[in-house]
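S.K.:
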Amino acid sequence: MRLIKRYKNRRLYDSEKSRTITQIELAAMVKNGVEVQVIDTASQEDITTEVLGRILVTESISWENEKDSINLFKKLISLGGDKSISV
10 MRLIKRYKNR RLYDSEKSRT ITQIELAAMV KNGVEVQVID TASQEDITTE VLGRILVTES
70 ISWENEKDSI NLFKKLISLG GDKSISV
């Protein structure tokens, strides 16, 4: 499992390579089958889902049309747990 640290300034740090990485580089790791875990350095919380979700929405998808994106988000929300309904 590749440990990625996220610092307060939101920079991602690859512990194995000892260097900062971009969201695009992290997405490439995941696409290549690398198991990753993202830890927030301030709280020591596992924020892997949050970071990968952000990448999914902002970096990885080129939407054909708005209807496709709405349908995907609806499906993801329907699969989610309690966090997706708390306001």
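Numbering-wise, this note's numbering comes out as the position in the sequence shown, counting from 1, plus 9.
A virtual CB, placed ideally from N, CA and C, is assigned to each residue, including glycine.
These numbers come from a predicted model, not from an experiment.
Please name the residue, chosen from R11, K76, E54, that lies closest to E34 on a Cα-to-Cα basis.
M.R.: Proximity to E34 across R11, K76, E54 peaks at R11, based on C-alpha coordinates.
S.K.: Would you check if there are 3 or more beta carbon pairs closer than 8 Å linking the region 12-20 to the region 44-62?
M.R.: yes
S.K.: If you drop the 5 nearest sequence neighbours on each side, which residues of the same chain put their C-beta closer than 6 Å to that of V96?
M.R.: Its pLDDT being 45, under 50, V96 is placed unreliably by the model, and the measurement read from it follows with that caveat. Contacts found: none.
S.K.: Would T29 and V45 qualify as a contact pair, given that the criterion is a beta-carbon distance under 8 Å?
M.R.: no
S.K.: What is the DSSP secondary structure of R19, counted as helix, strand or coil?
M.R.: coil
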